[in-house]
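Student: Structure in structure tokens, see below.
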Amino acid sequence: MYVPPKFSEEDRDTLYGVIRQYEFALLISETDEGPVATHLPFRLEGDVLVAHMARANLQWKSFAAGKEALVVFQGPHCYVSPRLYKTAPSVPTWNYVAVHVYGVPTLIESPDEVRDGQAKLVDHYEQGGWRLEDQPEDYMKGMLRSIVSFEIPIARIEGKFKLSQNKSAEDRRAVIAELQASDDPLARDVGALMVKRED
Numbered sequence: 426m427y428v429p430p431k432f433s434e435e436d437r438d439t440l441y442g443v444i445r446q447y448e449f450a451l452l453i454s455e456t457d458e459g460p461v462a463t464h465l466p467f468r469l470e471g472d473v474l475v476a477h478m479a480r481a482n483l484q485w486k487s488f489a490a491g492k493e494a495l496v497v498f499q500g501p502h503c504y505v506s507p508r509l510y511k512t513a514p515s516v517p518t519w520n521y522v523a524v525h526v527y528g529v530p531t532l533i534e535s536p537d538e539v540r541d542g543q544a545k546l547v548d549h550y551e552q553g554g555w556r557l558e559d560q561p562e563d564y565m566k567g568m569l570r571s572i573v574s575f576e577i578p579i580a581r582i583e584g585k586f587k588l589s590q591n592k593s594a595e596d597r598r599a600v601i602a603e604l605q606a607s608d609d610p611l612a613r614d615v616g617a618l619m620v621k622r623e624d
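When the sequence shown is numbered by this note's numbering, its final residue is 624 and no position is left out of the sequence of numbers.
Below, the structure is given as structure tokens:
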């Protein structure tokens, strides 16, 4: 990822915070047919990403090659109009947060670990009281056989917080005011991040 120094974020706690908040990410890996991408929910456990995909999705077979994969976490993002700037001339841009994680995926082979991972995922998101443990055993065994669980130890991590740091304080304040008043929740999230980083 191209990251100019002004937009670089290297604090691991900050980057892990983005991963935890925006857990639905894009896994990209190389296969013999070329790059393949799958959208998946990821759990962060220590310095390891844990996920699963349908066994019918053959991307997991590429893991055997031991090649590095990329997981892209997209944080809030929004359009920024040049009409907000006192500085002229200016052009439109896009403010955003992105975290790229690199590592070599390995399969989780233990059925107990696969089941435990799925229970953790359900417990994390389920608000209605549905529990994996309450489902018929034969049904759950079949469902668990239909997925492939894997983990990616984090070898490298890059963060880009493009939040108008290359603009004057006056221009940033104008952008923040516009974004905070927006009907778009992503724009408001970007505005809130800009305020936080001004402190």
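Glycine is no exception: its CB is placed at the ideal position from the N, C-alpha and C atoms. Because the structure is a prediction, the values reported are computed rather than measured.
In this structure, what does DSSP give as the bridge partners for residue 498?
Tutor: As a first step, residue 498 must be located in the sequence shown, where it is residue number 73. Beta-bridge pairing links residue 498 to 524.
Student: Return the residue from the list 530, 457, 520 and 431 that minimises the CA-CA distance to residue 475.
Tutor: Working through the sequence shown from its first residue, we reach residue 475 at position 50. Looking at the Cα atoms, 530 is the closest of the given residues.
Student: Can you check whether the CB of residue 434 is closer than 8 Å to the CB of residue 585?
Tutor: Position 160 of the sequence shown, counted from the first residue, corresponds to residue 585. Position 9 of the sequence shown, counted from the first residue, corresponds to residue 434. Cβ atoms of residue 585 and residue 434: closer than 8 Å.
Student: With distances taken from CA atoms, which of 449, 429 and 542 is nearest residue 573?
Tutor: Translated into the one-based positions of the sequence shown, residue 573 becomes position 148. If we check each option's Cα against that of residue 573, 542 comes out closest.
Student: According to DSSP, simplified to helix, strand and coil, what is residue 617?
Tutor: The residue you call residue 617 lines up with position 192 of the sequence shown. Here residue 617 sits in helix by DSSP.
Student: Might you give, ordered along the chain, the residues of its own chain that have their beta carbon closer than 6 Å to the beta carbon of residue 451, omitting 5 neighbours on each side?
Tutor: Taking the first residue of the sequence shown as position 1, residue 451 is located at position 26. For residue 451, where only same-chain residues beyond five positions count, the Cβ hits under 6 Å are 462, 464 and 497.
Student: Specify, as a first and last residue, the run of the alpha helix (DSSP H) that residue 540 falls within.
Tutor: If you number the sequence shown from 1, residue 540 lands on position 115. Residues 536-550.
Student: Alpha carbon to alpha carbon, how far is residue 554 from residue 606?
Tutor: By 1-based counting over the sequence shown, the position of residue 554 is 129. By 1-based counting over the sequence shown, the position of residue 606 is 181. Answer to the nearest angstrom: the Cα atoms are 36 Å apart.
Student: Checking the sheet assignment: what are the DSSP bridge partners for residue 584?
Tutor: On the sequence shown, position 159 is the one that residue 584 refers to. Residue 584 has 434 and 524 as its beta-bridge partners, per DSSP.
Student: On the DSSP letters alone, give me the boundaries of the alpha helix (DSSP H) that residue 567 sits inside.
Tutor: Counted from its first residue, the sequence shown places residue 567 at position 142. Taken as a continuous stretch (DSSP letters only), the alpha helix (DSSP H) holding residue 567 covers 562-570.
Student: In terms of residue numbering, what span does the beta strand (DSSP E) encompassing residue 453 cover?
Tutor: Here residue 453 is taken as the residue at index 28 of the sequence shown, counted from 1. Segment 449-456, the beta strand (DSSP E) holding residue 453.
Student: Tell me which residue opens and which closes the alpha helix (DSSP H) that residue 599 is part of.
Tutor: Counted from its first residue, the sequence shown places residue 599 at position 174. Annotation for residue 599: the continuous alpha helix (DSSP H) segment containing it runs 594-605.
Student: Going by DSSP, what residue range makes up the beta strand (DSSP E) through residue 463?
Tutor: Counting from one through the sequence shown, the residue named residue 463 turns up at place 38. Where residue 463 is concerned, the enclosing beta strand (DSSP E) stretches over 459-466.
Student: Looking at the secondary structure, which residues open and close the beta strand (DSSP E) in which residue 475 lies?
Tutor: As a first step, residue 475 must be located in the sequence shown, where it is residue number 50. Looking at the DSSP string, the run of the beta strand (DSSP E) that includes residue 475 is 473-479.
Student: Hey, how far is the Cα of residue 611 from the Cα of residue 557?
Tutor: For the purposes of this step, residue 611 is taken as the residue at position 186 of the sequence shown. For the purposes of this step, residue 557 is taken as the residue at position 132 of the sequence shown. Residue 611 and residue 557: Cα-Cα distance of roughly 32 Å.
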